[in-house]
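Let me begin by presenting the structure, written as structure tokens, before commenting on it.
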Amino acid sequence: MMDAAAPRRLGAGRLVIASHNAGKVREIGDLVAPFGLDVVAAGALGLAEPEENGATFRDNALIKAEAAAATAGLPALADDSGLVVPALDGAPGVFSARWAGPGKDFALAMRRVEEALAGKSDRRASFVCALVLAWPDGHHEVFEGVVHGHLVWPPRGSNGFGYDPIFVADGDNRTFGEIEPKEKHRISHRADAFRQMVAACLAPARP
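Take the working numbering: the final residue in the sequence shown is number 1247, and no numbers are missing along the way.
Structure follows, in structure tokens:
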């Protein structure tokens, strides 16, 4: 989903990845690599992490992208994503990172999800991603992606990050923690949102 009928194109140059999550920075960096952009992480620029107090993934991605773009004076790309579990009334949702505690311990977060699902037969889940591309002048474009699946226990695989080791996408039998990054880039919620952004705002770099 886009904010405008005529999206703004992103030209070659520096792009801030507005995240302090090393896994997200790496994954987004891999996705934008073919487009000739000079990518720099917010942490490398010393940018503070804004308070993510939005009610939706879209709200939080917008907070991060606009803060980074305004502070760095550069276009910024932010992702807010998380695990949505219908049997838990949508939790952990926008609080997905907070379920990992101050130490960002996702082994703890995954155990919390499994404990909350005790006695429930519905193990459906979705990963949702809101991707926001913002410019220093306040303009922004928003894209939203989703991948549906179910949760397994115990966690499997050491690839990916976050809740990946307990999530199996529909049509597969491997967790996101068991598949290779290149394959995940083709099927993930982030990849879904990113394809929309590419079509609207990016063009491959010329050889």
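Glycine included, each C-beta is placed from N, C-alpha and C at the ideal position.
Please list the terminal residues of the continuous alpha helix (DSSP H) segment that includes residue i.
i: Arg1226; result: Pro1221 to Ile1227
i: Asp1078; result: Here Asp1078 belongs to no alpha helix (DSSP H); instead the beta strand (DSSP E) covers Leu1077 to Ala1081.
i: Phe1004; result: Nothing about residue 1004 can be reported from this structure: the residues present for the chain run from 1041 to 1247 only.
i: Arg1151; result: Phe1146 to Ala1156
i: Leu1071; result: Ala1062 to Val1072
Apart from the five residues on each side of it in sequence, which residues of its chain come closer than 7 Å, Cβ to Cβ, to residue i?
i: Pro1248; result: This structure does not reach residue 1248, given that the chain is present from 1041 up to 1247, and the question cannot be answered.
i: Gly1083; result: His1060
i: Ala1112; result: Val1056, Leu1085 and Leu1087
i: Leu1148; result: Ala1140 and Gly1141
i: Ala1101; result: Ala1118, Asp1119, Asp1120, Ala1170, Leu1171 and Val1172
Please list the terminal residues of the continuous beta strand (DSSP E) segment that includes residue i.
i: Gly1189; result: His1180 to Leu1191
i: Pro1209; result: A quick correction: the sequence has Ala, not Pro, at residue 1209. Note, Ala1209: beta strand (DSSP E), Phe1207 to Ala1209.
Among the residues of its own chain, which have a CB less than 8 Å from the CB of residue i, if the five just before and after it don't count?
i: Gly1197; result: Asp1204, Pro1205, Arg1214, Thr1215, Phe1216, Gly1217, Glu1218 and Ile1219
i: Pro1221; result: Glu1067, Asp1070, Asn1199 and Gly1200
i: Pro1053; result: It is worth fixing the name first, because residue 1053 is Gly in this sequence and not Pro. Contacts found: Leu1077, Asp1078, Leu1114 and Pro1115.
In three-state DSSP terms, what is residue i?
i: Thr1215; result: strand
i: Gly1053; result: strand
i: Gly1133; result: helix
i: Ala1116; result: strand
i: Val1124; result: strand
i: Asp1177; result: coil
i: Asn1093; result: coil
i: Phe1201; result: coil
i: Leu1102; result: helix
i: Leu1085; result: helix
i: Arg1048; result: coil
i: Arg1196; result: coil
i: Ala1107; result: helix
i: Ala1058; result: coil
Residues in its own chain within less than 6 Å of residue i by CB, not counting five upstream and five downstream?
i: Phe1183; result: Leu1171, Ala1233, Gln1236 and Met1237
i: Val1208; result: Gly1189, His1190, Val1192 and Thr1215
i: Lys1160; result: Ala1127
i: Ala1107; result: Pro1090
i: Ala1231; result: His1225
i: Val1065; result: Ile1057, Ser1059 and Ala1081
Give me the Cβ distance between residue i and residue j, rounded to the nearest whole Å; I'm assuming they're in contact under 8 Å.
i: Pro1176; j: Leu1114; result: 7 Å
i: Cys1169; j: Pro1047; result: The Cβ separation is near 18 Å, so there is no contact.
i: Gly1063; j: Gly1202; result: 7 Å
i: Pro1126; j: Arg1164; result: 5 Å
i: Leu1117; j: Leu1157; result: About 33 Å separates the two Cβ atoms, so there is no contact after all.
i: Ala1058; j: Ala1110; result: That pair is no contact at about 11 Å.
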